[in-house]
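J.: First, the structure itself, so that you have it in front of you.
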Amino acid sequence: MVGGVILSHEELDLEWVELIMNALDMGLSEEEIRSFLDESTQSIPH
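Heads up: the sequence shown at position 3 corresponds to 2 in numbering that gives the first Met the number 0, and the numbers run straight through without jumps.
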């Protein structure tokens, strides 16, 4: 759920793509993004 809205897997994937593209546009490197994503997924309980 994002902002009170339940997203489908496809919508969620598109949102991640948009976030990653924005991060690249802001000058973050692919390595920095991967590191952040690795850290983020470790902190989310499964």
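Yeah, the Cβ is synthetic: ideal placement off N, Cα and C, and Gly gets one too. Just so we're clear, the structure is a prediction, and the values are computed from it rather than from any experiment.
Between the C-alpha atoms of GLU31 and ALA22, what's the straight-line distance to the nearest angstrom?
T.: Your numbering for residue 31 matches position 32 in the sequence shown. Your numbering for residue 22 matches position 23 in the sequence shown. Taking the straight line from one Cα to the other gives about 9 Å.
J.: Which stretch, first to last residue, makes up the alpha helix (DSSP H) that contains ILE32?
T.: As a working note, residue 32 is residue 33 in the sequence shown. Run containing ILE32: 29–42, per the alpha helix (DSSP H) assignment.
J.: In the structure shown, what three-state DSSP assignment does LEU6 receive?
T.: To locate residue 6, count along the sequence shown from 1; it is residue 7. In the structure shown, LEU6 sits in coil (DSSP, three-state: anything other than H, G, I, E or B).
J.: Straight-line CA distance for GLY26 to LEU36?
T.: The residue labelled residue 26 in the question sits at position 27 within the sequence shown. The residue labelled residue 36 in the question sits at position 37 within the sequence shown. One C-alpha to the other measures close to 16 Å.
J.: Rounded to whole angstroms, what's the CA-CA distance from GLU29 to ILE19? Just pull it up for me.
T.: Here residue 29 is taken as the residue at index 30 of the sequence shown, counted from 1. Here residue 19 is taken as the residue at index 20 of the sequence shown, counted from 1. Distance between the alpha carbons of GLU29 and ILE19 is about 9 Å.
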